[in-house]
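*Asks:* Just passing along the structure, written as structure tokens.
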Amino acid sequence: MESLFEQSSLFLQQLVNGITLGGVYALIAVGYTMVYGVIQLINFAHGEIYMLGAFLAYTMVTVLGLPFFAAFALTLVICAVFGILLDLIAYRPLRNAPRLAALITAIGMSIFLQNLALMIWGSQIKSYPREVLPPVFSKAAWTFGEVSLSWLQVFILSVTVVFMILLHLIIHKTRIGTAMRAVSQDKTTSALMGIGVNRVISFTFAIGSAMGGMAGILVGLYYNAIFPTMGYIAGIKAFAAAVLGGIGSVPGAMLGGGVLGIAEVIGAGYISSEYRDGISYAVMIAVILFKPSGLIGRQIGEKV
Amino acid sequence: MKKILGILCVLVMLSTSAWAESKPIRIPVAAAFTGQLASFGEGIQNGALLKGEEINARGGINGQKVKIVLEDELCDPKEAATVATKLANDPRVSVLVGHLCSSATLAALPIYRDAHLPAISPASTNVSIGKMSPYYFRNVYRDDFQGLFLAKYAHHIKGYEKVAIFHEVNDYSMGLMLAFTKQAKKLGIRILGTEAYTADTTDFKPQLTKFKMMKPDAIFIPGYAPQGTLIVSQARSVGMRNVDFFGADGLDDDLMLKNPDAEGLFVTTPFLPDKAGPQAAGFIKAYEAKYGKVPNWFAANTYDAVGLAAQAIGAVGQDRVKIRDYLASLNSKEKAYEGVAGKTYFDENGDCLKDAFVKKIKDGKWVGAEKQLR
């Protein structure tokens with residue numbers, strides 16, 4: 021049968037695949053968790069921002085003929101603007117309404133954006149033609165026996181890590197980050213202390229959506245498949261990752277994404293590929309059962 | 021007063037009967053015209069509309085015009101059941117052409133059976149369809165034949181010894197996988213592994229990584245093109261360079277041609293324009309003139325299915341049960357319907373036996389394989 025060496029290199033390769041997928045989930049999950057942190061809203065339209073990110077970059081590269089990295093940067097900016105608009109149009113008018121109203125609006129926005137994409141780009145899967153991408157992406161960066169890491173995977177992982185560090189610095193070292201943390205603790209008191217709460221919320225949406233859009237571009241590249249419903253499944257998975265890590269906690273979202281990605285790939289590779297989604301959700305349910313606040317979520321006492 | 025009423029009655033009767041005569045015969049065609057598999061539906065739509073036009077140009081069926089009504093069900097079993105219920109309850113419908121995907125056909129089939137509505141599928145190849153309803157017919161071969169054929173081709177022509185199978189979780193794909201596996205084992209091909217995916221999957225790398233370690237000669241993908249093209253690309257990107265890929269009629273889609281990684285991939289198909297007999301020449305010419313491209317097998321089989329439905333209506337009128345009996349009576353080579361994709365005649369299950377061909381991608385185009393299995 022297969023040797024131990026082959027077995028372990030198979031495992032290593034699956035781990036690399038899992039970490040790449042996990043990084044992408046983490047990028048989307050961060051957007052969920054940040055928005056939840058400041059306004060306690062599960063932004064179900066976040067998955068659609070991710071989908072729009074993928075389509076925008078694809079359109080810029082293939083139709084407008086922009087170089088890939090220019091399209092990448094431009095897409096982040098546009099997605100940030102989309103995030104602000106989403107909040108402005110759909111959520112701000114309901115800021116003081118019951119939470120359920122905003123949640124339903126979020127689902128409505130998700131359906132609206134999905135169908136908008138269906139109208140603009142059609143239902144068929146879009147793929148990048150090979151010529152338009154930097155040729156280095158398809159080359160192997162590192163090969164050891166049967167294990168290989170492509171430059172695209174290196175790119176995805178490094179972009180994920182860099183932006184996570186950047187995000188950490190913004191939240192902990194800048195004035196706006198301090199304001200975000202203050203708003204997430206107590207909106208009313210923050211407003212009394214002179215913090216522009218709406219400005220902080222807009223900023224949160226902008227950052228979260230830019231990260232979501234970026235995840236969309238990366239996934240579009242990695243699997244080379246872009247379609248209007250891609251945001252739905254990815255959104256649910258990332259939501260699960262955010263809950264798994266502890267919703268409202270940014271490091272939790274990163275950790276949750278990583279765990280979910282690895283569980284999914286290892287599950288598909290070793291247990292059963294038919295039940296890969298089931299396996300990743302089972303991991304989430306198991307964590308929530310034993311630790312309801314998530315892996316590193318904070319315990320919130322019942323407010324009286 | 022009574023007189024006026026009487027005249028009115030006569031007028032109404034006259035007008036309705038005149039209206040009934042000019043009313044066209046509706047032949048619904050149910051398939052996926054939007055959604056992921058819309059490109060399959062395109063061939064079905066083109067083939068059906070072309071046949072409809074030709075029938076009308078020759079004066080219709082016994083003087084009555086034909087109207088092809090397209091019913092979109094996205095290859096989704098739930099949508100197919102909705103469409104089937106609508107058609108079954110429509111008294112204007114006496115026979116229909118459909119459905120495209122086996123899962124959709126299996127969902128619609130009990131509804132047609134209970135309404136005694138005969139249906140002719142041009143494309144559903146799952147094995148169990150025929151036995152489940154006396155009202156279902158198809159002018160396409162079954163997956164057990166297709167799977168068996170592919171295993172023979174892989175062994176005798178290609179000389180593969182080790183094959184891995186990557187199938188979708190649906191009736192079509194699993195039926196093919198089982199038929200192929202059974203015959204392959206008989207011929208001594210080693211099946212290294214069988215993995216599955218669902219229709220909404222875009223990440224195939226975990227399973228492909230597993231396959232890569234097994235070093236197969238070829239990977240059999242008995243699925244549909246939207247996923248097939250991704251599987252081929254992702255297999256290349258995880259480092260499978262010298263592995264062949266092959267599939268069944270589900271991969272027979274121009275979508276595959278856009279993918280440079282799919283060069284050399286081969287598939288079975290019920291219809292090959294360059295190997296078709298003289299009966300297809302007129303069809304191919306008319307199709308190219310109207311649509312500017314070569315007809316694929318979906319177009320050819322649907323063209324024939326609509327012709328078959330029209331012939332049945334012409335022979336026995338718009339009566340559901342009589343049409344079923346007529347179709348069932350075409351049960352030998354002599355009584356067969358002469359279509360562009362060969363002769364169609366049914367066994368006791370409403371299934372038919374037809375030739376399969378192999379075509380492959382060469383320089384970004386579908387071409388008939390040099391070696392066919394006869």
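Note that the protein sequences, when read in sequence, are chains A and B. Going by the working numbering, the first residue of the first sequence is number 21, and it counts up by one from there. Going by the working numbering, the first residue of the second sequence is number 21, and it counts up by one from there. In this text, a Cβ means the ideal position worked out from N, Cα and C, and glycines have one as well.
Is there a Cβ from chain A that is less than 9 Å from the Cβ of L250 of chain B?
*Replies:* As a first step, residue 250 of chain B must be located in the second sequence, where it is residue number 230. So yes, L250 of chain B belongs to the interface.
*Asks:* Do you know offhand how far D274 of chain B's Cα is from Q65 of chain B's?
*Replies:* By 1-based counting over the second sequence, the position of residue 274 of chain B is 254. By 1-based counting over the second sequence, the position of residue 65 of chain B is 45. Between the alpha carbons of D274 of chain B and Q65 of chain B lies a gap of roughly 16 Å.
*Asks:* Roughly how far, in whole angstroms, is the beta-carbon of I267 of chain A from the beta-carbon of G197 of chain A, given that I think they are within contact range, below 8 Å?
*Replies:* Here residue 267 of chain A is taken as the residue at index 247 of the first sequence, counted from 1. Here residue 197 of chain A is taken as the residue at index 177 of the first sequence, counted from 1. In this structure I267 of chain A does not touch G197 of chain A by the C-beta definition: roughly 19 Å separates them, more than the 8 Å allowed.
*Asks:* Evaluate H66 of chain A with the Cβ neighbour count: other Cβ atoms within 10 Å of its Cβ, from every protein chain shown; 16 or more gives buried, anything less gives exposed.
*Replies:* Taking the first residue of the first sequence as 1, we reach residue 66 of chain A at position 46. The residue is buried, with at least 16 neighbouring Cβ atoms inside 10 Å.
*Asks:* Checking contacts by CB at 9 Å: is Y243 of chain A closer than that to chain B?
*Replies:* Residue 243 of chain A sits at position 223 when you count from the first residue of the first sequence. By this cut-off, Y243 of chain A is an interface position.
*Asks:* Which residues of chain A have a Cβ atom closer than 7 Å to the Cβ of D220 of chain B, listed in chain order?
*Replies:* Along the second sequence, read from residue 1 onward, the residue named residue 220 of chain B stands at position 200. Within 7 Å Cβ-Cβ: I253.
*Asks:* Do you know how far the Cα of K182 of chain B is from the Cα of R344 of chain B?
*Replies:* Taking the second sequence and counting its residues from 1, one reaches residue 344 of chain B at position 324. Taking the second sequence and counting its residues from 1, one reaches residue 182 of chain B at position 162. Approximately 45 Å between the Cα atoms of the pair.
*Asks:* Which full runs of the alpha helix (DSSP H) of 4+ residues lie inside the stretch 282-359 of chain B, going along the chain?
*Replies:* 301-311, 317-336, 340-349
*Asks:* Check whether the stretch 98-114 of chain A and the stretch 216-236 of chain A are in contact - that is, three or more C-beta pairs closer than 8 Å.
*Replies:* The stretch 98-114 of chain A, when compared against the stretch 216-236 of chain A, does touch it at the 8 Å Cβ threshold.
*Asks:* Would you call the CB atoms of V103 of chain B and R46 of chain B closer than 9 Å?
*Replies:* Residue mapping note: residue 103 of chain B aligns to position 83 of the second sequence, counting from 1. Residue mapping note: residue 46 of chain B aligns to position 26 of the second sequence, counting from 1. For V103 of chain B and R46 of chain B, no; Cβs fall outside 9 Å.
*Asks:* Would you check if there are 3 or more beta carbon pairs closer than 8 Å linking the stretch 224-239 of chain B to the stretch 253-264 of chain B?
*Replies:* yes
*Asks:* Does P149 of chain A come within less than 9 Å of chain B when only Cβ atoms are used?
*Replies:* As a first step, residue 149 of chain A must be located in the first sequence, where it is residue number 129. Judged by the 9 Å Cβ criterion, P149 of chain A is in contact with chain B.
*Asks:* Our contact map puts G388 of chain B next to L292 of chain B with C-beta atoms below 8 Å; I'd like the distance itself, whole angstroms only.
*Replies:* In the second sequence, residue 388 of chain B corresponds to position 368, counting from 1. In the second sequence, residue 292 of chain B corresponds to position 272, counting from 1. So it is a contact: roughly 5 Å between Cβ atoms.
*Asks:* Does the stretch 25-34 of chain A come close enough to the stretch 209-224 of chain A that 3 or more CB-CB pairs lie under 8 Å?
*Replies:* no
*Asks:* Cutting at 8 Å between CB atoms, please list the residues of its own chain near P312 of chain A, excluding the five before and the five after it.
*Replies:* Taking the first residue of the first sequence as position 1, residue 312 of chain A is located at position 292. Around P312 of chain A: no qualifying Cβ.
*Asks:* So for A306 of chain A, helix, strand or coil by DSSP?
*Replies:* If you number the first sequence from 1, residue 306 of chain A lands on position 286. In this structure, DSSP gives A306 of chain A a helical state, which the three-state scheme calls helix.
*Asks:* Determine, using beta-carbon pairs with one atom in the stretch 74-89 of chain A and one in the stretch 202-213 of chain A, whether at least three such pairs fall under 8 Å.
*Replies:* no
*Asks:* Rounded to the nearest angstrom, how far is the Cβ of C121 of chain B from that of L69 of chain B, given a contact under 8 Å?
*Replies:* Indexing the second sequence from 1 puts residue 121 of chain B at position 101. Indexing the second sequence from 1 puts residue 69 of chain B at position 49. The Cβ separation is near 20 Å, so there is no contact.
*Asks:* Between the C-alpha atoms of P48 of chain B and T125 of chain A, what's the straight-line distance to the nearest angstrom?
*Replies:* What you label residue 48 of chain B is simply residue 28 of the second sequence in a count that begins at 1. What you label residue 125 of chain A is simply residue 105 of the first sequence in a count that begins at 1. For P48 of chain B and T125 of chain A, the distance between alpha carbons rounds to 39 Å.
*Asks:* Run through chain A and tell me which residues come within less than 7 Å of S253 of chain B, C-beta to C-beta.
*Replies:* Locating residue 253 of chain B in the second sequence gives position 233, where the first residue counts as 1. Near S253 of chain B (Cβ distances below 7 Å), the residues of chain A are N244.
*Asks:* Would you check if the stretch 132-148 of chain B and the stretch 192-201 of chain B touch, i.e. whether three or more CB-CB distances between them fall below 8 Å?
*Replies:* yes
*Asks:* Flag this pair as touching only if the stretch 277-284 of chain B and the stretch 292-309 of chain B have three or more C-beta atom pairs under 8 Å; answer yes or no.
*Replies:* no
*Asks:* With DSSP as the reference, label L24 of chain A as helix, strand or coil.
*Replies:* Taking the first sequence and counting its residues from 1, the one referred to as residue 24 of chain A is at position 4. Helix at L24 of chain A.
*Asks:* Going by C-alpha distance, which of A:V55, A:L138, A:Y45 is nearest S269 of chain A?
*Replies:* Within the first sequence, numbered from 1, the residue matching residue 269 of chain A stands at position 249. That would be A:V55, whose Cα lies nearest to the Cα of S269 of chain A.
*Asks:* E390 of chain B to G240 of chain A, Cα distance in whole Å?
*Replies:* Taking the second sequence and counting its residues from 1, the one referred to as residue 390 of chain B is at position 370. Taking the first sequence and counting its residues from 1, the one referred to as residue 240 of chain A is at position 220. Rounded to whole angstroms, E390 of chain B to G240 of chain A spans 37 Å at the Cα level.
*Asks:* For chain A, is any of its Cβ atoms less than 9 Å away from the one on A58 of chain B?
*Replies:* Taking the first residue of the second sequence as 1, we reach residue 58 of chain B at position 38. A58 of chain B counts as touching chain A.
*Asks:* Would you say T201 of chain B lies against chain A (beta-carbon separation less than 9 Å)?
*Replies:* For the purposes of this step, residue 201 of chain B is identified with residue 181 of the second sequence, where counting begins at 1. For T201 of chain B, the answer is no, since every Cβ of chain A falls outside 9 Å of its Cβ.
*Asks:* Spatial neighbours of Q134 of chain A within its chain, please: CB distance less than 8 Å, with the 5 preceding and 5 following residues excluded, ordered by chain position.
*Replies:* Numbered from its first residue, the first sequence carries residue 134 of chain A at position 114. So the list reads E68, M71, P248, T249, G251, Y252, once near-sequence residues are dropped.
*Asks:* Indicate the three-state DSSP secondary structure (helix, strand or coil) for S37 of chain B in the structure shown.
*Replies:* As a first step, residue 37 of chain B must be located in the second sequence, where it is residue number 17. In this prediction, S37 of chain B has a pLDDT of 48, which is less than 50 and means its spatial position is unreliable; nothing more can be read from the coordinates.
*Asks:* S158 of chain A touches chain B at which residues, Cβ-Cβ below 8 Å?
*Replies:* As a working note, residue 158 of chain A is residue 138 in the first sequence. What S158 of chain A touches in chain B: S257.
*Asks:* Name the residues in the stretch 214-238 of chain B whose C-beta lies less than 9 Å from a C-beta of chain A; which are they?
*Replies:* E215, A216, Y217, T218, D220, T221, T222, D223, F224, K225, P226, Q227, T229, K230, K232, M233, M234
*Asks:* Out of curiosity, what's the CA-to-CA distance linking P271 of chain A and I316 of chain A?
*Replies:* Start at 1 with the first residue of the first sequence, and residue 271 of chain A comes out as number 251. Start at 1 with the first residue of the first sequence, and residue 316 of chain A comes out as number 296. Take the alpha-carbon of P271 of chain A and the one of I316 of chain A: they are about 8 Å apart.
*Asks:* Run through DSSP, which three-state label would S313 of chain A get?
*Replies:* Numbered from 1 along the first sequence, position 293 holds the residue referred to as residue 313 of chain A. In the structure shown, S313 of chain A sits in coil (DSSP, three-state: anything other than H, G, I, E or B).
*Asks:* Where does H9 of chain B land, buried or exposed, given buried means 16+ other C-beta within 10 angstroms?
*Replies:* No information on residue 9 of chain B is available, as it lies outside the stretch 21 to 394 that chain B covers here.
*Asks:* Enumerate in chain order the residues of its own chain whose CB-to-CB distance from A330 of chain B is below 6 Å, with the five nearest sequence positions on each side excluded.
*Replies:* If you number the second sequence from 1, residue 330 of chain B lands on position 310. Hits under 6 Å: I75, I81.
*Asks:* Apart from the five residues just before and just after S130 of chain A, which ones in its own chain have a Cβ nearer than 8 Å to its Cβ?
*Replies:* As a working note, residue 130 of chain A is residue 110 in the first sequence. Here the set comprises F64, A65, G67, E68, G251, Y252, G255.
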